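K.L.:
Each residue of the sequence shown is one higher than the one before, counting from 1 in this note's numbering. C-beta: ideal position from N, C-alpha, C; glycine also. All values reported here derive from a predicted model rather than from experimental measurement.
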Amino acid sequence: MAISKEAIYKTLSTVVDPEIPVITIEELGILKNVEIEGDKVIVFITPTYSGCPAMNMIELEMRTALLAEGIQKFEIKTVLFPPWTTDWISDSGLQKMKAFGIAPPEKTSRSKRVLFGETINVECPQCGSTNTEMVSRFGSTACKAMYRCLDCKEPFDYFKCL
Ligand SMILES: [Zn+2]
1 MAISKEAIYK TLSTVVDPEI PVITIEELGI LKNVEIEGDK VIVFITPTYS GCPAMNMIEL
61 EMRTALLAEG IQKFEIKTVL FPPWTTDWIS DSGLQKMKAF GIAPPEKTSR SKRVLFGETI
121 NVECPQCGST NTEMVSRFGS TACKAMYRCL DCKEPFDYFK CL
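1) To which residues does DSSP link residue 144 through a beta bridge?
2) Could you check which residue in 54, 160 and 69 has the C-alpha nearest to that of residue 138?
3) Going straight from the alpha carbon of residue 4 to that of residue 36, what length do you get?
4) For residue 153 and residue 78, I'd like the C-alpha separation in whole angstroms.
5) Given 6 Å as the limit, tell me if residue 151 has its C-beta closer than that to any heavy atom belonging to ligand 1.
6) Kindly indicate which three-state DSSP category residue 45 falls into: helix, strand or coil?
7) For residue 9 and residue 90, what's the separation of their Cα atoms in angstroms?
8) Under three-state DSSP, which class holds residue 56?
9) As a quick exercise: from 19, 12, 23 and 18, pick the residue whose alpha carbon is nearest that of residue 92.
10) Taking C-alpha atoms, which residue in 57, 130 and 157 lies nearest to residue 16?
11) Considering only C-alpha positions, which residue in the set 71, 87 and 141 is nearest to residue 38?
12) What residue range is occupied by the uninterrupted alpha helix (DSSP H) comprising residue 10?
13) Short check: CB of residue 151 to CB of residue 129, under 7 Å?
14) So what's residue 25 in DSSP terms, helix, strand or just coil?
15) My output table needs one value for residue 86: the three-state DSSP class, helix, strand or coil.
And the structure:
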């Protein structure tokens, strides 16, 4: 293997989430590890959400990135334990999410309450106000809830996946 696993990891860490194209899969905590077994590259990923259609896109982009590096023999393995939580999103990922106009997730214990239909004070990514209300439990994707800011009147998505 001419290419090191560190180099492969670095290549893959530039793949972005198609839903939030400013955040890489490394920042999201999806990309776990790269191993080389003989002449084969094995990539370990943990999906954000089992039903998330974005995961298919992410896998496709990872394949494209590996092929672009001349790597033909590889396997992408999904690791389900421990399950992904929003706590795995890095600080830079959370900041980019906010700059992109999506309210970053609260820590796990609170976001679970959102799934159970309780409303929590989500901070508006536009003006920082917590005077917001949930419009719909489902936003542009299953991973997001739709909110509206009562101060600046802007609607925004709240990333609610666990
Ligand atoms: Zn606002």
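P.N.:
A quick look at the data gives this:
1) Stepping through the sequence shown from its first residue, residue 144 is reached at position 144. In DSSP, residue 144 forms a bridge with 159.
2) Looking up residue 138 in the sequence shown gives position 138. Of the candidates 54, 160 and 69, the one whose C-alpha sits nearest the C-alpha of residue 138 is 160.
3) Within the sequence shown, residue 4 is the residue found at index 4, counting from 1. Within the sequence shown, residue 36 is the residue found at index 36, counting from 1. Cα-Cα distance, rounded: 8 Å.
4) Your numbering for residue 153 matches position 153 in the sequence shown. Your numbering for residue 78 matches position 78 in the sequence shown. When rounded, the distance between both Cα atoms is 40 Å.
5) For the purposes of this step, residue 151 is taken as residue 151 along the sequence shown, with counting starting at 1. Residue 151 Cβ: within cutoff of ligand 1.
6) Here residue 45 refers to the residue found at position 45 when the sequence shown is read from its first residue. The answer is strand: DSSP assigns residue 45 an E or B state.
7) For the purposes of this step, residue 9 is identified with residue 9 of the sequence shown, where counting begins at 1. For the purposes of this step, residue 90 is identified with residue 90 of the sequence shown, where counting begins at 1. Computed Cα separation, rounded: 17 Å.
8) What you label residue 56 is simply residue 56 of the sequence shown in a count that begins at 1. The answer is helix: DSSP assigns residue 56 an H, G or I state.
9) Position 92 of the sequence shown, counted from the first residue, corresponds to residue 92. Among 19, 12, 23 and 18, the Cα nearest to that of residue 92 belongs to 23.
10) Indexing the sequence shown from 1 puts residue 16 at position 16. The option with the nearest alpha carbon to residue 16 is 57.
11) Reading the sequence shown from its first residue, position 38 is the one you call residue 38. Of the candidates 71, 87 and 141, the one whose C-alpha sits nearest the C-alpha of residue 38 is 71.
12) Here residue 10 is taken as the residue at index 10 of the sequence shown, counted from 1. Segment 5 to 12, the alpha helix (DSSP H) holding residue 10.
13) Working through the sequence shown from its first residue, we reach residue 151 at position 151. Working through the sequence shown from its first residue, we reach residue 129 at position 129. In contact: residue 151 and residue 129 (Cβ atoms closer than 7 Å).
14) Position 25 of the sequence shown, counting from 1, holds the residue named residue 25. The DSSP-derived three-state label of residue 25 is helix.
15) If you number the sequence shown from 1, residue 86 lands on position 86. Residue state, collapsed to three classes: helix.
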